[in-house]
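Trainee: Residue numbers (this note's numbering): 37 to 432.
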């Protein structure tokens, strides 16, 4: 029961999405899930929901920021390893409706996404250190539950994931984490969810080799056109909000996005909203700056495929139709940049950033030369128009 090629292709063309890790743990500024029983005593962590009242949460503002940043889809932690649910779930009372806030975050966010044309997706953790039926009770499995019941817990997961689709779907992606260790559970859940929503995308973290795409974390994946992939990465140094966190520079953000897309992957970039419900102004500003860059050069990102020139120390390339986009980030010291030959003629060259590049094609390869003063500090963008379809060129 494979996902339709259309939904996978549609997701691939989006290229850039927003990841959101959020919950009562933001009150402590420690890592979601992983700080339970570590930096925050378990008893204290499990009671944080009683103080969680993010009165400045505005779903439309979050989605509007994602759009301004150039992000085409949004993935939110419906339930992390700590077991707390950000929606009004009939299967547990440990959810957002038991907080002083008392509003269904997923309902508001899914509606805002539909209004603004952003694809709504949810993250769901398979491990649940809070739930009595799940055998492990802490990060690294240090503690065991007294009376775990995996078959019953599996039914809980099936019920909750069906509820997510029924209440907030159709979903773009159900983004699992943690993974089943038992192939029977992974296979049954994968088939069950595809039966409910056939065009639903499911990532590989459902476990045991199932899933529609792979998910390298905090690193750029290898160039791969055969298996769809998505890098997930934090804007700061942890997934959930951390006060005074160190955030990536605009250069780091754009270059990471380009290395991902040039490798033929998607980029899921994470922010952790604050306990009052706002996305921290510094993080929001960085995302807006990314959006400004993408307004100018996004046609070399959206709807493209990685290649035909494989990523290297010099930079990356993408392609779409009869266009090849070069994103040059590092130039050789004293000589021109040389790229391997391709079996298509270059018809025209357009330098998208400042200045004019000198591009010459020979049997030996492609030479790119540019005055140092005209080279862009983030990435020099050069658009090549070629004869025929660039995607048909064998990656070199």
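C-beta atoms are modelled at their ideal positions from N, C-alpha and C, and glycine is treated no differently.
Based on DSSP bridge pairs, tell me the residues matched to residue 404.
Mentor: According to DSSP, which records beta bridges pairwise, residue 404 is partnered with 373 and 395.
Trainee: What does the alpha-carbon distance come out to for the pair residue 91 and residue 137?
Mentor: Approximately 7 Å between the Cα atoms of the pair.
Trainee: Considering only residues of the same chain and omitting the five flanking positions on each side of residue 76, which have a CB-CB separation below 6 Å?
Mentor: The answer, listed in chain order, is 64 and 66.
Trainee: Using DSSP with H/G/I as helix, E/B as strand and the rest coil, what is residue 213?
Mentor: Note: residue 213 maps to strand in three-state DSSP.
Trainee: So the alpha helix (DSSP H) residue 249 belongs to, where does it begin and stop?
Mentor: Run containing residue 249: none; DSSP gives neither H nor E here.
Trainee: In three-state DSSP terms, what is residue 114?
Mentor: In the structure shown, residue 114 sits in a strand (DSSP, three-state: E or B).
Trainee: How many angstroms separate the CA atom of residue 37 from the CA atom of residue 256?
Mentor: With a pLDDT of 42 at residue 37, under the threshold of 50, the predicted position of this residue should be treated as unreliable, and no value is reported.
Trainee: For residue 268 and residue 51, what's the separation of their Cα atoms in angstroms?
Mentor: Each residue's Cα considered, the two are about 12 Å apart.
Trainee: Give the DSSP bridge partners of residue 201, in chain order.
Mentor: None, per the DSSP bridge assignment.
Trainee: Considering only their Cβ atoms, is the gap separating residue 135 from residue 85 smaller than 7 Å?
Mentor: Yes; because the gap between Cβ atoms is below 7 Å, this pair is in contact.
Trainee: Can the beta-carbon of residue 214 be found closer than 7 Å to that of residue 279?
Mentor: Contact: no.
Trainee: With respect to the alpha helix (DSSP H) encompassing residue 225, which residues constitute its N-terminal and C-terminal limits?
Mentor: 219-232 is the span of the alpha helix (DSSP H), which, as asked, contains residue 225.
Trainee: Are the C-beta of residue 403 and some C-beta of chain C separated by less than 7 Å?
Mentor: Chain labels in this structure do not include chain C; a single protein chain is all it has.
Trainee: For the beta strand (DSSP E) that contains residue 505, what are its first and last residues?
Mentor: Lying outside 37 to 432, the shown extent of the chain, residue 505 is not represented and no answer is given.
Trainee: Kindly indicate which residue of 174, 43 and 79 has the alpha-carbon position closest to the one of residue 109.
Mentor: Ranking the options by Cα distance to residue 109, first place goes to 43.
Trainee: Touching or not, the region 97-111 and the region 208-222, by the rule of three or more beta carbon pairs under 8 Å?
Mentor: The region 97-111, when compared against the region 208-222, does touch it at the 8 Å Cβ threshold.
Trainee: Assuming residue 99 contacts residue 154 under a Cβ cut-off of 8 Å, what Cβ separation, rounded to an integer in Å, is found between them?
Mentor: Yes, they are in contact, since the Cβ atoms of residue 99 and residue 154 sit about 5 Å apart, within 8 Å.
Trainee: Suppose the cutoff is 6 Å on Cβ atoms and the five residues either side in sequence are ignored; what does the same chain contact list for residue 54 look like?
Mentor: Closer than 6 Å at the Cβ level, and outside the excluded window around residue 54, lie 102, 107 and 110.
Trainee: With C-beta atoms as the reference, is residue 397 less than 7 Å away from residue 418?
Mentor: No.
Trainee: I'd like the span of the alpha helix (DSSP H) that includes residue 420, first residue to last.
Mentor: That residue, residue 420, is in no alpha helix (DSSP H); its beta strand (DSSP E) goes 416-422.
Trainee: Can you confirm whether the region 214-232 touches the region 292-312 when touching is taken to mean that 3 or more C-beta pairs between the two stretches lie within less than 8 Å?
Mentor: Result no; under three Cβ-Cβ pairs closer than 8 Å.
Trainee: Assign residue 407 to buried or exposed, taking buried as 16 or more other Cβ atoms, counted over all protein chains shown, within 10 Å of its Cβ.
Mentor: By the neighbour-count rule (16 or more Cβ atoms within 10 Å), residue 407 is not buried but exposed.
Trainee: List the whole-angstrom C-beta distance separating residue 426 from residue 376, where the pair is believed to meet the contact cut-off of C-beta under 8 Å.
Mentor: With 8 Å as the limit, residue 426 and residue 376 do not qualify as a contact, their Cβ atoms being about 14 Å apart.
Trainee: Residue 235 and residue 40 - do their beta-carbons sit closer together than 7 Å?
Mentor: Contact flag set, yes.
Trainee: Do residue 421 and residue 322 have their C-beta atoms closer together than 7 Å?
Mentor: No.
Trainee: What residue from 357, 274 and 424 has the CA that sits closest to residue 56's CA?
Mentor: Looking at the Cα atoms, 274 is the closest of the given residues.
Trainee: Just to confirm before moving on: does the CB-CB distance between residue 346 and residue 259 stay below 7 Å?
Mentor: Yes, these two residues count as a Cβ contact at 7 Å.
Trainee: Judging by CA-CA distance, which residue of 339, 289 and 312 is the nearest neighbour of residue 329?
Mentor: Out of 339, 289 and 312, 289 has the C-alpha closest to the C-alpha of residue 329.
Trainee: Measuring alpha carbon to alpha carbon, tell me which of 161, 152, 79 and 181 ends up nearest residue 200.
Mentor: The shortest C-alpha separation from residue 200 is found at 161.
Trainee: Among 423, 185 and 205, whose alpha-carbon lies nearest the alpha-carbon of residue 148?
Mentor: Selected option, being the one with the closest Cα: 205.
Trainee: Which partner residues of residue 265 appear in the DSSP bridge assignment?
Mentor: Bridge partners of residue 265: 250.
Trainee: Give the straight-line distance between the Cα atoms of residue 69 and residue 130, rounded to the nearest whole angstrom.
Mentor: For residue 69 and residue 130, the distance between alpha carbons rounds to 14 Å.
Trainee: Run through the DSSP bridge pairs and tell me what residue 172 is partnered with.
Mentor: Bridge partners of residue 172: 180.
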